[in-house]
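> So the sequence shown is residues 1 to 195, counted in full-length UniProt numbering.
All residues carry an ideal CB built from backbone N, CA and C; glycine is no exception.
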Amino acid sequence: MENRDMPEEEEETPLVSLNHVSFVCRSVPESVKFYEEVLGFTSIKRPSSFNFQGAWLFNYGIGIHLLQCNSEEEGMPRKKKAINPKDNHISFQCSNMRVLKHRLEKMGVQYVTAVVEEGNVQVHQLFFHDPDGHMIEICNCEDLPVLPLSSCPVKFRADRRPVASPDHGDDARCGDKMDAVDIDNFLKNVMSISL
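#1: Look at the alpha carbon of E118 and the alpha carbon of S71, and state the distance between them as a whole number of angstroms.
#2: Does V99 come out as helix, strand or coil in the three-state DSSP assignment?
#3: Report the residue from M107, D130, T42 whose alpha carbon sits nearest the alpha carbon of K80.
#4: Taking V121 as the reference, which of A114, M135, L144 has the closest Cα?
#5: Please identify the residue among C25, V116, P85, P153 whose C-alpha is closest to the C-alpha of P136.
#6: Using the three-state DSSP reduction, which class does V16 fall into: helix, strand or coil?
#7: Counting pairs of Cβ atoms below 8 Å between the stretch 95-111 and the stretch 18-38, do you hit three or more?
#8: So, helix, strand or coil for L149, using DSSP?
#9: So, does the stretch 50-57 touch the stretch 90-101, judging by three or more C-beta pairs under 8 Å?
#10: So what's L57 in DSSP terms, helix, strand or just coil?
Here it is as structure tokens:
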């Protein structure tokens with residue numbers, strides 16, 4: 001007879017990575033051109049069963065799905081004139097901001113820059129809009145350490161060196177609260193960043 005009072009062991013969330021982002025756009029061809037020329041994405045085949053206009057692009061391990069807007073009522077965002085870094089956006093890690101800045105300038109795409117400082121780490125950010133007003137950020141955010149605020153293990157891409165607590169293995173389960181070892185390790189990491 002099974003004991004119903006005992007909670008079942010919770011399985012780890014089976015997420016692997018971000019697959020794609022999807023944008024409604026006014027002109028699929030114009031948006032495809034933008035994402036190919038500005039960000040280096042490549043058009044890929046969409047399922048032939050789709051009975052609506054759109055395009056799929058892929059590169060850097062992520063897809064961008066573009067959907068043709070047939071009317072303003074379909075959820076097309078208003079085009080924004082001002083670039084607001086605090087607005088909704090997608091962000092791409094970049095290894096050479098200068099190249100992207102030059103490309104945007106050459107194509108006449110307006111952008112704003114920002115710098116986030118955390119101790120001796122500087123994160124450079126570049127914000128701009130796609131043809132439909134969707135915000136895009138280009139940054140070197142990977143330079144900023146990832147410091148979990150709980151005992152939950154954090155998964156990283158295979159090519160990124162994890163900032164992990166040596167006291168938790170890959171099989172560690174999430175706790176509801178940080179334990180004393182986690183707090184101690186977290187404080188050590190924070191103090192080393194702010195020096």
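On the basis of the data shown:
#1: Reading the sequence shown from its first residue, position 118 is the one you call residue 118. Reading the sequence shown from its first residue, position 71 is the one you call residue 71. Looking at the two C-alpha atoms, the distance is approximately 44 Å.
#2: The residue given as residue 99 occupies position 99 in the sequence shown. The answer is helix: DSSP assigns V99 an H, G or I state.
#3: By 1-based counting over the sequence shown, the position of residue 80 is 80. D130 is the residue among M107, D130, T42 whose C-alpha sits nearest the C-alpha of K80.
#4: The sequence position of residue 121 within the sequence shown is 121, counting from 1. Closest by C-alpha distance to V121, out of A114, M135, L144, is L144.
#5: Residue 136 sits at position 136 when you count from the first residue of the sequence shown. Checking the displayed sequence, the identity of residue 136 turns out to be Ile instead of Pro. Of all alpha-carbon atoms in C25, V116, P85, P153, the one lying nearest the alpha-carbon of I136 is that of P85.
#6: Locating residue 16 in the sequence shown gives position 16, counting from the first residue. Reduced to three states, the DSSP call for V16 is coil.
#7: Yes, the stretch 95-111 is in contact with the stretch 18-38.
#8: Within the sequence shown, the letter at position 149 stands for residue 149. The answer is coil: DSSP assigns L149 none of H, G, I, E or B.
#9: No, they do not touch.
#10: Working through the sequence shown from its first residue, we reach residue 57 at position 57. Secondary structure at L57: strand, using DSSP grouped into helix, strand and coil.
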